[in-house]
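J.: Dropping a structure here in structure tokens format, bear with me for questions.
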Amino acid sequence: LFGGATPLIGEFAFDPADGAAALATAEAVSVEMEALPGVRTVFSVADLAGSLPAQQLEGVLAGTVELPIGDMVSDDGLRFMLLPADFTTEDLQGWLDFVEARNEVTVLTGMPVVWDEIARLVLQAQVVSLIVAFALVAVMLGLAYRNLRQTMVALAPVALTVLTLLGFIAVSGIQLNLLTAVISGIVIGVGIDYSIHYVAAIDNARRDGPGYVLRAIDRAGRPIVANGLGIAVALTALWLSPLKIHSQVSMIMWVAMITAAVTAIVIVSALLPRAGVES
């Protein structure tokens, strides 16, 4: 999830008339929030109540004295910062659920919340785009081949590659975000390219009689595998990046490229008549 090291900003419900009691309540809620998974610490003026002189504390709460970290009191309440440790989307949702259930906290926001919502919207849009992409590719292949069986044979490796990729992301624990979510769309483009290339090689080899699948593998198999390996190896350079998401993209593309190349050759060959492999 983007923004993993970015603090979140929130506000406690606070009435200056309540004085020390309101600060004690805010401090107690802070302790509860710090017990939530993925929370390193929660900081507010309530944490300074015991160390600031009474006059200075009164000025801070009244808004006439500003701390070095900024104004921690607003017209809406007592501001606090939530400093996260390593956390997941589930942890973030747990924080938001906590805020929703507690009247003592009025709001919790920040870039992690924004990115999480963007990721949700991207995933929803990605489902639609995958369906549309498959439909358009199917129509294109149907018009080109004018043969339902050949169209389905060409689509099978692409579908298997996308399912394998999504399964790998789920098993590996990689978080879906703006970047990793759109890779499935890239896989459709690459996978259908391999399938079209291989099916065309089979059609050309079919003219020479039985055994055309073996001849097609000899002519097109190595270029397809070489292309998949080339892309995967090139993206291995992303492992040198200090950003975790770059290494995740590299892993995803390794799985996607190898699966797309292998399934294009194996699945298409397996779905063709037996005469294709008889010499």
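Sequential numbering from 207 applies to the sequence shown in the numbering used here. The C-beta atom is built at its ideal place from N, Cα and C for all residues, glycine as well.
Under the three-state reduction of DSSP, which class applies to residue 412: helix, strand or coil?
T.: It is helical.
J.: Check the C-beta distance from residue 288 over to residue 229 and give it rounded, since I have them as a contact under 8 Å.
T.: No, residue 288 and residue 229 are not in contact; Cβ-Cβ is about 18 Å, not under 8 Å.
J.: Sort 218, 429, 394 and 477 by Cα distance to residue 332 and report the nearest one.
T.: When each option's Cα is compared against that of residue 332, the closest is 394.
J.: Per DSSP, what are the beta-bridge partners of residue 304 in this structure?
T.: BP columns for residue 304 are empty, so no partner.
J.: Quick check: the Cα distance between residue 449 and residue 460, rounded to an integer number of angstroms?
T.: For residue 449 and residue 460, the distance between alpha carbons rounds to 18 Å.
J.: State the DSSP-derived secondary structure class of residue 421, mapped to helix, strand or coil.
T.: Residue 421: helix per DSSP, three-state reduction.
J.: Could you spell out the range, first to last residue, of the beta strand (DSSP E) harbouring residue 313?
T.: Here the beta strand (DSSP E) through residue 313 covers 311–315.
J.: Do residue 357 and residue 375 have their CB atoms nearer than 8 Å?
T.: Not closer than 8 Å, so no.
J.: What does a CB cutoff of less than 6 Å around residue 463 pick up in its chain, not counting 5 residues either side in sequence?
T.: The residues are 434, 437 and 438.
J.: For the putative contact between residue 285 and residue 217, defined by C-beta atoms under 8 Å, what is the C-beta separation to the nearest angstrom?
T.: Correct: roughly 5 Å between the Cβ atoms.
J.: Going by the CB atoms, is the gap between residue 363 and residue 300 shorter than 8 Å?
T.: Not closer than 8 Å, so no.
J.: How many angstroms separate the CA atom of residue 318 from the CA atom of residue 293?
T.: Rounded to whole angstroms, residue 318 to residue 293 spans 10 Å at the Cα level.
J.: Would residue 401 pass as a contact of residue 474 if the rule is Cβ separation under 8 Å?
T.: Contact: yes.
J.: Out of curiosity, what's the CA-to-CA distance linking residue 208 and residue 335?
T.: At residue 208, the pLDDT of 40 sits below 50, so the modelled position is not reliable; the number obtained from the coordinates is stated separately. Cα-Cα distance, rounded: 23 Å.
J.: Does residue 361 come out as helix, strand or coil in the three-state DSSP assignment?
T.: In this structure, residue 361 counts as helix in the three-state DSSP scheme.
J.: In the DSSP output, which residue or residues are listed as bridge partners for residue 216?
T.: Its beta-bridge partners are 286 and 314.
J.: Just grab the DSSP bridge partners of residue 249 for me.
T.: Note: residue 249 sits in a beta bridge opposite 287.
J.: Hey, would you say residue 403 sits closer than 8 Å to residue 426, going by beta carbons?
T.: In this structure, residue 426 lies closer than 8 Å to residue 403 by Cβ.
J.: Quick check: the Cα distance between residue 445 and residue 354, rounded to an integer number of angstroms?
T.: For residue 445 and residue 354, the distance between alpha carbons rounds to 42 Å.
J.: For residue 454, does the count of other Cβ atoms within 10 angstroms reach 16, so buried, or fall short, so exposed?
T.: Classification of residue 454: buried, given that the 10 Å Cβ count is 16 or more.
J.: Rounded to whole angstroms, what is the Cα-Cα separation between residue 451 and residue 370?
T.: One C-alpha to the other measures close to 20 Å.
J.: For residue 325 versus residue 382, is the C-beta spacing smaller than 8 Å?
T.: Yes, the pair counts as a contact, with Cβ atoms nearer than the cut-off.
J.: Would residue 171 be called buried (16 or more neighbouring beta carbons within 10 Å of its own) or exposed?
T.: No answer is possible for residue 171: it lies beyond the span of the chain, which begins at 207 and ends at 485.
J.: Please report how far the alpha carbon of residue 233 lies from the alpha carbon of residue 280, in whole angstroms.
T.: Using only the alpha carbons, I get a separation of about 17 Å.
J.: Starting from residue 486, trace the alpha helix (DSSP H) both ways and give me its first and last residue.
T.: Outside the shown range of the chain, which is 207 to 485, sits residue 486, and nothing can be said about it.
J.: My parser needs the beta strand (DSSP E) runs of 3 or more residues fully inside the region 325–355; what are they?
T.: Whole beta strand (DSSP E) segments, 3+ residues: zero.
J.: Would you grab the beta carbon distance between residue 478 and residue 419 for me? Rounded to a whole angstrom, and I think it's under 8 Å.
T.: Indeed, because the Cβ distance is near 6 Å, the residues count as touching under 8 Å.
J.: Helix, strand or coil, according to DSSP, for residue 388 in the structure here?
T.: Correct three-state label for residue 388: coil.
J.: Along the chain, where does the alpha helix (DSSP H) that runs through residue 280 open and close?
T.: First-last for residue 280: undefined, no H or E at that position.
J.: In or out: residue 465 buried (at least 16 other Cβ within 10 Å) or exposed?
T.: Buried is the call here.
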